[in-house]
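Using the working numbering, the first residue of the sequence shown is number 110, and each one after it goes up by one.
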Amino acid sequence: MLSEKMYNILNEQVSKEAYASQLYLAMASWAEARGLEGISQWFYAQSEEEREHMLKFIHFINERGGHATVPKIELPPKDFPGVREAFDASLEHEQMVSEAINDIVALSLEERDFATNNWIQWFVEEQMEEEASVQSIIDKLELLGDRNLYIFDRDIMAMRAAGESKE
Ligand code: FEO
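Structural data, given as structure tokens:
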């Protein structure tokens, strides 16, 4: 059984994951409308992953005797100043989500809720991977510069495909 405090923080995380999914969806649509196929595919796939994260939280809350609330989702931006800015915003968002996951870890230890502590570890690792993945894209963009957006777009498509074949 979840404490009220734990229930609330987990439910807030449902909302954060839902917003992450919408944010990536907005970035995907923005990139697709500009003919950036590889980049849009990357963001669409990311949006799906975030939806899966949201569902994991919903299922966990319900399995532990709670009733997860489906959140009202804030409207994400429609436009982004550029590709680099979109990835910078992604990294910033992932860092914010990592902080939120850390807060859940801290509360689980404070409450001696070891079931939640054990379950949330998957997200601790996932966040490390997501931050590293976005950071590696930003590093690549830094190397290529805006002039080579076409090459970058093809590259990111190949990166995603390679990642999927490993899963
Ligand atoms: Fe589910 Fe990338 O936060």
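Every residue, glycine too, gets a C-beta built ideally from N, C-alpha and C.
Helix, strand or coil at residue i according to DSSP, with G and I counted as helix
{"i": "Gly144", "result": "coil"}
{"i": "Ile182", "result": "coil"}
{"i": "Arg173", "result": "coil"}
{"i": "Leu164", "result": "helix"}
{"i": "Ser112", "result": "coil"}
{"i": "Arg221", "result": "coil"}
{"i": "Asp188", "result": "coil"}
Among the options, nearest to residue i - alpha-carbon criterion
{"i": "Asp188", "options": "Trp139, Ile213, Met268 and Thr178", "result": "Trp139"}
{"i": "Pro186", "options": "Glu251, Leu134, Ile118 and Ser149", "result": "Leu134"}
{"i": "Leu253", "options": "Val192, Asn211, Glu240 and Ser242", "result": "Val192"}
{"i": "Lys181", "options": "Glu121, Phe169, Ile247 and Ala271", "result": "Glu121"}
{"i": "Leu111", "options": "Ile246, Ser245, Asn226 and Arg263", "result": "Asn226"}
{"i": "Tyr116", "options": "Ile247, His202, Ile167 and Ser245", "result": "Ile167"}
{"i": "Phe152", "options": "Phe196, Asp264 and Tyr259", "result": "Phe196"}
{"i": "Val179", "options": "Glu126, Leu200, Ala215 and Ala224", "result": "Glu126"}
{"i": "Ala198", "options": "Glu183, Ala267 and Ile247", "result": "Ile247"}
{"i": "Val123", "options": "Leu145, Phe169 and Phe261", "result": "Phe169"}
{"i": "Leu119", "options": "Arg269, Glu203, Asn211 and Glu240", "result": "Asn211"}
Beta carbon proximity, residue i to chain C, threshold 8 Å
{"i": "Glu234", "result": "Absence of chain C from the displayed structure is noted, only one protein chain being present."}
Notebook entry, point to check: Do the region 223 to 240 and the region 188 to 207 meet, that is, are 3 or more Cβ pairs less than 8 Å apart?
Noted result: Three or more pairs of CB atoms, one per stretch, sit closer than 8 Å, so the region 223 to 240 contacts the region 188 to 207.
Next item on the list: Would you check if there are 3 or more beta carbon pairs closer than 8 Å linking the region 213 to 223 to the region 152 to 160?
Entry: Verdict: no, contact absent.
Notebook entry, point to check: If we count Cβ pairs, one from each stretch, closer than 8 Å, do we get three or more for the region 127 to 134 versus the region 160 to 178?
Noted result: For the pair of segments examined, the region 127 to 134 was found to touch the region 160 to 178: the number of CB pairs separated by less than 8 Å reaches three.
Next item on the list: Output the residue ranges of the alpha helix (DSSP H) runs that lie fully inside the region 199 to 270 and measure 4 residues or longer, sorted by chain position.
Entry: Runs found: 223 to 253.
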